[in-house]
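Scroll down for the structure; my scribbles are underneath it.
Number of protein chains: 4
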Amino acid sequence: MTYIKQMFASHPVNPSSDHAVVIECITASYSCLEACNACADACLGEKNVAELVDCIRACTDCADVCLATARIMSRFTRTDFKLAGAQLRACIQACEICGADCAKHGEHMEHCRVCAEACRRCAAACQALLAEKP
Amino acid sequence: MTYIKQMFASHPVNPSSDHAVVIECITASYSCLEACNACADACLGEKNVAELVDCIRACTDCADVCLATARIMSRFTRTDFKLAGAQLRACIQACEICGADCAKHGEHMEHCRVCAEACRRCAAACQALLAEKP
Amino acid sequence: MTYIKQMFASHPVNPSSDHAVVIECITASYSCLEACNACADACLGEKNVAELVDCIRACTDCADVCLATARIMSRFTRTDFKLAGAQLRACIQACEICGADCAKHGEHMEHCRVCAEACRRCAAACQALLAEKP
Amino acid sequence: MTYIKQMFASHPVNPSSDHAVVIECITASYSCLEACNACADACLGEKNVAELVDCIRACTDCADVCLATARIMSRFTRTDFKLAGAQLRACIQACEICGADCAKHGEHMEHCRVCAEACRRCAAACQALLAEKP
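Residue numbers (my numbering), protein chains in the order written: chain A, 3 to 136; chain B, 3 to 136; chain C, 3 to 136; chain D, 3 to 136.
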């Protein structure tokens, strides 16, 4: 479904980190970007948009951080582990904030429930990759 | 696998365009961004990187355009069809250039073969959505 | 103030297009991204946010297209003129839509007046560069 | 020159942090994105591109992080300070790595010298904003 597994299998540089863990991190980050960007717009279309301003803010921030995470983690030419660590920590923070905000609205709005799920998956994937770092 | 289908099913605004076609366009655009961003880095890791400069350029340009396409097409609150059309045309152009460049190297480099496939799929998905516009 | 002029003066590839025109296009695109991203958030903070949904949508779309334009136009290694042209046309479209929407609110909201100005400048800069293309 | 000062002066939400410091952080982040994106391409155009792979990697990573920083810091509707802090730390890391790499090549390549300057300015601006956080 996604291409990153095939890309890593043929990348000329063989990284030391576990491929399955980083692949899940990249896939979860792109998926979270997708969900957050769409959820921000869905919130914008709701009648009670004025009550969803915090949620839209959290979604747009989270989309921005997830994009940076996905792009950086997809590069294998001499990865800097300090930057990777700092980026993963920022991403976990963004996903936790957005996930908590969307979860609050999840009962009444399916798009927020789905977005909260995407955030939880992404935070977990970033945590798993961070745990591997020396 | 991706979240956009669930997001659209719960979006408060019901767009007129066919969901399956726009969903494939968004999914293919995000996937193409993923492939192009990873392929640019894989090319950068090749010994003959000096011969791959055009390919890296094409991949980075294509990643930038695909990101804009995916984000814009994911928004359903009052879509502007003129902008959607212009963006799809730019995306088709980027995918055709990158796809052709990667296809040239596809026999020797698997990451380029995969990237060319992602570009072809994205160009076709954008064409299909463009054909639907009034 | 911006770095692009210095970057082009030292770029190893000497492009055929006029530097001043492309520099203004890049500077205007980054500035428009800056204004649109900030205006979307300022609209989100307004009490009548429900009436500003179209404007927020236009701003976020415009920010996405301007980012792609700025990044692509900043690269001088074998620029593809067909892609450049298509991207500029998409950018003009996005700026015209967002500029018109923000101009409507410009009397009452200074952030929309400033954003409309940024959009007009970016559309004009893209038009000027497009006019140069063979 | 940039629009962010005007945007903040008219933003309906009045943030607690000092405007001058956050404005410099946003301006420096966008400028660093501009410099890094252009420097990556200039390096790609150099004859000794094979020796510049690390530098190109550092520039593209830094551009990605700076973009997220600029966009997030530009939003004033209920800023989450934990996320802001984590994002600033990631940005400082990216700017230090890229700045150090570009500084090594700065004597022979003007575009790397300019990029190193942009990275130093951005790291300093992020540090100054981070120092203000409670």
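We put the CB at the ideal spot given by N, CA and C, even for glycine.
These numbers come from a predicted model, not from an experiment.
Please list the partners that residue i has in chain C, where partner means a Cβ-to-Cβ separation under 9 angstroms.
i: ILE6(D); result: GLU36, ALA37, ALA40
So which residues on chain B does residue i lean against when the C-beta distance must stay under 9 angstroms?
i: VAL55(D); result: LEU46, GLY47, VAL51
i: GLU109(A); result: Those do not exist, as GLU109(A) stays about 12 angstroms from chain B at its closest Cβ, beyond 9 angstroms.
Tell me the rounded alpha-carbon separation between residue i and residue j.
i: TYR5(C); j: ALA37(D); result: 6 angstroms
i: ALA133(A); j: ALA88(A); result: 13 angstroms
i: ALA65(C); j: ILE74(B); result: 10 angstroms
i: LYS106(D); j: ARG123(D); result: 17 angstroms
i: ALA30(D); j: ALA11(B); result: 40 angstroms
i: ALA81(C); j: LEU69(A); result: It should be noted that the sequence gives Thr, not Ala, for residue 81(C). Approximately 25 angstroms, taken between the alpha carbons.
i: HIS110(A); j: GLU112(C); result: 35 angstroms
i: ASP103(D); j: CYS57(D); result: 6 angstroms
i: VAL51(C); j: CYS100(A); result: 20 angstroms
i: ALA130(D); j: LYS49(C); result: 32 angstroms
i: LEU90(C); j: HIS21(B); result: 28 angstroms
i: CYS114(D); j: ALA96(D); result: 15 angstroms
i: GLN8(C); j: PHE83(C); result: 23 angstroms
i: CYS121(A); j: VAL116(C); result: 34 angstroms
i: GLY47(A); j: GLY47(C); result: 16 angstroms
i: VAL24(C); j: TYR32(D); result: 18 angstroms
i: GLU151(A); j: SER76(B); result: Given that chain A is displayed from residue 3 to residue 136, the structure contains no residue 151(A) and the question cannot be resolved.
i: GLU98(C); j: ILE28(D); result: 25 angstroms
i: GLY108(C); j: GLU53(C); result: 14 angstroms
i: VAL55(A); j: VAL55(C); result: 12 angstroms
Comparing alpha-carbon positions, which option in the options lies nearest residue i?
i: VAL15(A); options: LEU132(B), ARG59(B), ARG122(B), ALA42(B); result: ALA42(B)
i: ILE94(D); options: CYS128(D), GLY108(D), ALA30(D); result: CYS128(D)
i: ALA118(C); options: HIS21(C), ALA11(C), LEU35(C); result: LEU35(C)
i: ALA44(C); options: TYR32(C), ALA30(C), ARG59(C), SER31(C); result: ARG59(C)
i: HIS13(A); options: SER12(B), VAL23(B), ASN39(B), GLU26(B); result: ASN39(B)
i: ALA125(B); options: PHE83(B), VAL51(B), ALA92(B); result: ALA92(B)
i: LEU85(C); options: SER33(B), CYS61(B), ALA72(B); result: CYS61(B)
i: THR79(A); options: VAL116(D), GLU98(D), ASP63(D); result: ASP63(D)
i: LYS72(B); options: ALA72(C), THR71(C), VAL67(C); result: It should be noted that the sequence gives Ala, not Lys, for residue 72(B). Minimum Cα distance to ALA72(B) is reached at VAL67(C).
For residue i, go through chain A and note every residue whose CB falls closer than 7 angstroms to its CB, in chain order.
i: ALA105(B); result: Near ALA105(B) there are no residues of chain A at all, since even the closest Cβ is about 15 angstroms away, more than 7 angstroms.
Can you name the residues of chain D whose CB is closer than 8 angstroms to the CB of residue i?
i: VAL116(C); result: TYR5, GLN8, MET9, SER12
Could you work out which residues of chain C lie near residue i, taking near to mean beta carbons separated by less than 7 angstroms?
i: ALA96(B); result: LEU85
By the criterion of Cβ-Cβ separation under 7 angstroms, what are the contact partners of residue i in chain B?
i: ILE28(C); result: Within 7 angstroms Cβ-Cβ: nothing; ILE28(C) doesn't reach chain B, min ~13 angstroms.
i: ILE25(C); result: Here the premise fails: no neighbours, minimum Cβ distance about 19 angstroms.
Closer than 8 angstroms by beta-carbon distance: list the chain A residues that pair up with residue i, in chain order.
i: GLU112(B); result: GLN8, ALA11, SER12
i: ALA120(B); result: TYR5
Is the beta carbon of residue i within less than 7 angstroms of some heavy atom of the ligand COA?
i: ILE25(D); result: Because no ligand of any kind appears in the structure shown, any question about the ligand COA cannot be addressed here.
field: Residues within the region 59-93 of chain B neighbouring chain A, beta-carbon criterion of under 7 angstroms
entry: ARG73, SER76, ARG77, PHE78, THR79
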